[in-house]
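Written below as structure tokens is the structure these notes are about.
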Amino acid sequence: MSLRVCSIDDLTPGEGLRIDAVSPPIAVFLTEDGEVYCLDDTCSHQDASLASGWVEDCRVECPLHESTFHLATGQVDQPPAKRSVRAHQAQVLDGEVYVELSTAEPVLPPGVRVP
Amino acid sequence: MIIDHLDDPLPGSSLRPTPTGAAYTDREVFAREQADIFEKMWNCVLRADAISSPGEWKKVTVGREELIVVRTRKAGVKAYYNVCRHRGMRVCTGDEGKAKKLQCGYHAWTYALEGELVAAPNLTAMPDVDREEYGLKPVHVRQWLGYVWVCLAGGDSTAEPPDFDTEVLGEVRTRFGQVESIDNYGIENLKLGQTKTYDVAANWKLIIENFMECYHCATIHPELTEVIPEFADGLASQRKNGEVHGSSFGEDIQGFTVDGSAGVAALPAIAPNQDRKYYAITVKPQVFINTVPDHVIIHRMFPVSEQRTIVVCDWLFLPEVIEGVAEGRYDISKSVELFHRVNLQDFEACELTQPSMSSTAYARGGALVPSEHHIEEFHTWWQSTLALLESAEMHQVRVG
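Respectively, the protein sequence lines represent chains A and B. So the mapping is simple: the working numbering equals the position in the first sequence, first residue as 1, plus 12. So the mapping is simple: the working numbering equals the position in the second sequence, first residue as 1, plus 282.
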């Protein structure tokens with residue numbers, strides 16, 4: 013079932029927003045083209061918030077290292093992260109952002125656990 | 283012109299004293315200058331178009347501090363101390379670069395271009411860490427004349443920076459005067475035609491004093507004095523009370539070039555009385571602005587020690603001239619060569635002066651002739667800024 017996570021007005025084009033009301037936290041991205049995407053917020057390599065990463069060409073670069081993740085699929089492109097992160101289906105209805113959370117197992121870095 | 287100082291006898295002695303030699307050699311004096319002048323005042327550090335796209339950064343040194351100047355994505359140009367807030371390692375290494383973030387290479391504390399701490403290993407497990415409070419420590423930034431100016435004062439919130447509009451803009455505009463406004467040159471829209479960096483083995487005050495007077499011009503600047511014959515009278519463009527005088531080109535001189543040949547396209551908005559004239563001002567503590575009808579020359583000084591100063595000199599022209607140079611329609615080499623020679627001649631004189639500053643023969647300082655008396659205004663400012671008059675232990679560097 014879809015979860016309302018934020019309003020479109022909460023988002024800034026070219027940036028991500030960390031939502032820690034869900035566990036593990038997710039990151040909602042609004043691209044410069046106006047598309048909304050959602051990934052797990054935590055990089056699979058080390059504990060860092062992808063919402064703080066650099067968004068460009070439908071990918072987000074982890075703020076700590078050089079790995080980037082595709083916003084639609086969560087697929088990683090290069091080390092040091094080796095595992096993709098989960099992508100969640102996101103859609104905008106009447107200015108509100110709804111997310112269908114993935115049922116796959118989260119892919120978290122060493123030392124980070126879902127409480 | 284030439285009789286200005288002859289028909290107006292000066293009261294008292296023709297010669298006035300300079301600071302003593304120790305003012306130019308004492309490490310403690312230099313340390314105070316760094317703390318009380320360069321780290322308190324506005325410094326012109328680099329051309330804004332030197333960091334033209336987001337993420338481009340350059341390192342600069344102001345006083346004793348190393349700074350990162352970066353063009354951000356959202357907040358224009360910002361400048362920070364190059365000090366990681368975690369354990370203090372230099373965040374940026376090398377002299378320049380382009381990056382999506384500013385990341386310390388030690389523990390990967392990572393800062394947005396806008397300065398806030400955005401990531402660090404396990405930072406999400408430390409939600410009490412304030413991202414702004416532990417962001418890179420900023421310094422004040424202004425842009426003017428196409429340059430980035432920074433001020434380190436007030437960074438600790440106990441002191442406000444000096445007001446840029448009063449301290450820099452006001453002073454420059456007042457000295458140029460309403461009619462001969464510096465705004466006429468449109469400096470902020472000019473492009474860099476040439477830049478040269480000079481590593482000068484001399485105290486920064488010797489360089490300022492040299493720039494303020496023209497008593498030396500006829501002796502060491504043959505090319506400049508050909509172009510501006512009135513410099514042979516010893517009077518500079520800079521005069522007493524901070525006034526600026528337009529120094530006229532010679533009658534047969536076509537342009538401000540090394541051989542007096544024609545320059546390039548003139549700046550379109552200069553006033554009639556700015557044509558065929560050279561103006562120069564000092565913006566304390568480290569900028570010289572020179573204007574002629576077709577280009578502008580800006581010097582930035584970066585004192586390194588009591589006996590070493592880096593001087594960066596930029597030659598600025600209209601954008602169409604710079605494009606024309608690339609296409610072979612314009613040649614700026616003779617324009618650049620004139621002041622490049624002036625620079626070399628001046629800095630050689632300063633370098634041959636510096637060693638004497640510690641000589642017994644100069645212990646009590648030297649003398650200023652009438653056409654140099656306005657340099658006393660710089661010395662008075664320098665003394666009062668460092669509060670030397672009230673300071674007994676600085677007795678040895680008092681004027682006279």
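The beta carbon of each residue, even a glycine, is placed where N, CA and C say it ideally should be.
- Contact check for V48 (chain A) and A102 (chain A): beta-carbon distance about 5 Å, within the 8 Å limit, so the pair qualifies.
- By the criterion of a C-beta distance shorter than 8 Å, V126 (chain A) is surrounded in its chain by S35, P36, P118 and L120, once the five residues flanking it on both sides are discounted.
- Looking at the DSSP output, W597 (chain B) shares a beta bridge with B:Q476 and B:I579.
- Taking a Cβ-Cβ cut-off of 8 Å, T115 (chain A) has no neighbours in chain B, whose nearest Cβ is about 23 Å from it.
- Residues of the same chain with a CB within less than 8 Å of the CB of K559 (chain B), apart from the 5 flanking positions on each side, are G528, S529, S530, F531, V574 and P575 in chain order.
- Burial check for R353 (chain B): the Cβ neighbour count within 10 Å reaches 16 or more, so the residue is buried.
- Here the alpha carbons of D628 (chain B) and R71 (chain A) stand approximately 55 Å from one another.
- Rounded to the nearest angstrom, the gap between the Cα atoms of K340 (chain B) and K473 (chain B) is 19 Å.
- Of all residues in the stretch 73-98 of chain A, the ones placed with a Cβ closer than 9 Å to any Cβ belonging to chain B are E73, C74, P75, L76 and H77, in chain order.
- Against chain A, the beta carbon of T392 (chain B) has neighbours under 7 Å at P75 and L76, listed in chain order.
- Given a length threshold of 4 residues, the stretch 522-574 of chain B has no whole run of the alpha helix (DSSP H) inside it.
- The count of Cβ pairs closer than 8 Å, one atom from the stretch 86-94 of chain A and one from the stretch 49-64 of chain A, reaches three, so the stretches are in contact.
- Taking a C-beta distance under 8 Å as the contact criterion, V569 (chain B) and I579 (chain B) do not qualify as a contact pair.
- Bounds of the alpha helix (DSSP H) holding V454 (chain B) are E453 to F458.
- Going by DSSP, T507 (chain B) is part of no beta strand (DSSP E) but of the alpha helix (DSSP H) stretching over P504 to V509.
- In the displayed model, H655 (chain B) falls within coil according to three-state DSSP, outside both helix and strand.
- Within the DSSP secondary-structure output, I614 (chain B) pairs in no beta bridge.
- Around the C-beta of S64 (chain A), 16 or more other C-beta atoms lie within 10 Å, and the residue is accordingly described as buried.
- With a cutoff of 8 Å on beta-carbon distance, R424 (chain B) and G524 (chain B) are scored as not near each other.
- At a beta-carbon threshold of 9 Å, the residues of chain B lying near S61 (chain A) are V400, A401, L405 and T406, ordered along the chain.
- Interface annotation for the stretch 351-363 of chain B against chain A: R355, criterion Cβ-Cβ distance under 8 Å.
- When rounded, the separation of the alpha-carbon atoms in K383 (chain B) and P75 (chain A) is 7 Å.
- By the CB criterion at 8 Å, W486 (chain B) and P585 (chain B) fall inside the cutoff.
- In this chain, the beta strand (DSSP E) harbouring L29 (chain A) covers E27 to I31.
- A518 (chain B) and L506 (chain B) have their C-alpha atoms some 12 Å from each other.
- A residue is called buried when at least 16 other Cβ atoms come within 10 angstroms of its Cβ; H577 (chain B) meets this threshold and is buried.
- About 4 Å separates the beta carbon of T539 (chain B) from that of K616 (chain B), a gap short enough to meet the 8 Å contact definition.
- For the stretch 373-389 of chain B, the residues whose beta carbon sits under 9 Å from a beta carbon of chain A are, in order, K382, K383 and Q385.
- Residue-level contact by beta carbon fails for T43 (chain A) and chain B, as no gap is shorter than 8 Å.
- Nearest Cα to D318 (chain B) within the set B:K380, B:P444 and B:G647: B:P444.
- When secondary structure is reduced to three states using DSSP, T662 (chain B) falls in the helix class.
- Distance from the CA of L427 (chain B) to the CA of T501 (chain B), rounded to the nearest whole angstrom, comes to 33 Å.
- For S64 (chain A), the residues of chain B that pass the 7 Å Cβ criterion are V400 and A401, in the order they occur in the chain.
- Neighbours of Q58 (chain A) across chain B, judged by C-beta separation under 7 Å: P403.
- For L634 (chain B) and R367 (chain B), the gap between their C-alpha atoms comes out near 43 Å.
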